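Residue numbers (the UniProt record's numbering): 1 to 262.
Quick reminder that beta carbons are idealized off the backbone N, C-alpha and C, glycines included.
From a predicted model like this one, the values you see are computed outputs, not experimental measurements.
Presented below is the structure to which this report refers.
Following this line, the structure appears as structure tokens:
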């Protein structure tokens with residue numbers, strides 16, 4: 001069943017109050033890998049699904065980043081996506097691998113350390129599209145946060161010449177040749193199904209994922225009458241300076257905790 005944990009083992013944690021595990025879980029019949037991090041003890045916490053950016057070895061999950069969120073009172077799960085870390089299948093850039101995110105949500109929702117009505121989705125970079133897709137597949141998502149997030153996959157193709165070869169290989173062609181495949185991967189076209197409140201965080205000087213992605217998401221959500229909050233930082237790039245990053249993490253986790261239970 002999607003989200004079932006079939007194996008886990010302890011991973012060395014750099015934080016004395018946080019436990020970390022490498023998890024194998026089920027997604028569409030595939031054994032997929034991920035990291036789970038939570039405060040020690042038997043409390044019940046908000047769930048935090050951390051959806052990474054990049055693809056394969058680019059943008060891999062970093063355990064210190066998960067601990068940053070877990071130390072704020074969350075049980076955090078971060079899928080590595082199919083085909084990574086020894087998992088089965090092949091990653092396909094917001095195609096079927098979106099179900100790895102959905103299954104990660106189900107894992108958290110059913111986890112004994114997690115309140116099932118308080119599971120939040122967080123996507124960074126390419127993970128933004130993954131978070132939005134997962135939120136549209138799942139029921140009872142408490143909130144969605146998209147930081148420097150891809151929301152239009154065709155726009156990424158045109159903006160990032162360095163990614164075109166990979167995208168043509170993974171998706172099967174260009175946006176002109178395969179428009180329906182890019183449309184399928186682009187959450188903007190499917191937001192009618194989204195129920196959870198959305199927080200958008202984006203740097204104005206982001207050259208990895210232009211702020212146009214954030215503007216398009218905010219505009220479409222407002223057109224549909226969906227709850228959306230946007231924090232724009234005109235001088236920041238894709239990666240915020242450490243002090244600003246810490247402050248933004250604090251703000252976004254506070255925002256999540258303020259959202260009503262579903």
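Closest in alpha carbon position to residue 50, among 231, 260, 179, 64, is 64. Pairing residue 252 with residue 199 gives a Cβ-Cβ distance under 8 Å. For residue 260 and residue 177, the gap between their C-alpha atoms comes out near 43 Å.
Relative to residue 235, the option among 35, 207, 158, 80 whose CA is nearest is 207. Beyond the five residues adjoining it in sequence on each side, residue 169 comes within less than 7 Å, by CB distance, of no other residue in the same chain.
Residue 202 sits in a strand when the DSSP states are folded into three classes. In the three-state reduction of the DSSP assignment, residue 105 falls in the helix class, which pools H, G and I. Residue environment analysis places residue 191 among the buried positions, since at least 16 neighbouring C-beta atoms fall within 10 angstroms of its C-beta. By alpha-carbon distance to residue 185, the top candidate from 233, 165, 131 is 131. Taking C-beta separations shorter than 7 Å and ignoring five residues to either side along the sequence, the partners of residue 90 in its chain run 82, 83, following chain order.
Around the beta carbon of residue 25, 16 or more other beta carbons sit within 10 angstroms, so the residue counts as buried. Secondary-structure assignment with DSSP links residue 145 through a beta bridge to 122, 199. Here residue 7 is bridged, per DSSP, to 24.
Between residue 182 and residue 153, the gap from beta carbon to beta carbon is short of 8 Å. Residue 17 sits exposed, since fewer than 16 C-beta atoms from the chains shown fall within 10 Å of its C-beta.
In the three-state DSSP reduction, residue 218 falls in the helix class (H, G or I). Residue environment: residue 139 is assigned as exposed (fewer than 16 neighbouring CB atoms within 10 Å of its CB, all protein chains considered). Unbroken alpha helix (DSSP H) runs of no fewer than 4 residues, entirely contained in the segment 58–107, are found at 63–70, following chain order. When the Cα atoms are used, residue 99 and residue 205 turn out to be separated by approximately 31 Å. For the 8 Å CB-CB criterion, residue 19 and residue 38 form a contact. Under the three-pair Cβ rule at 8 Å, the segment 217–228 does not count as touching the segment 239–249.
Nearest neighbour of residue 79 by Cα position, chosen from 106, 71, 72, 73, turns out to be 106. Sequence-distant partners of residue 203 (beyond 5 residues in either direction) whose C-beta falls short of 6 Å from its own C-beta, in its chain, are 233, 236, 237. If you look at residue 156, you'll find it in the alpha helix (DSSP H) that goes 153–159.
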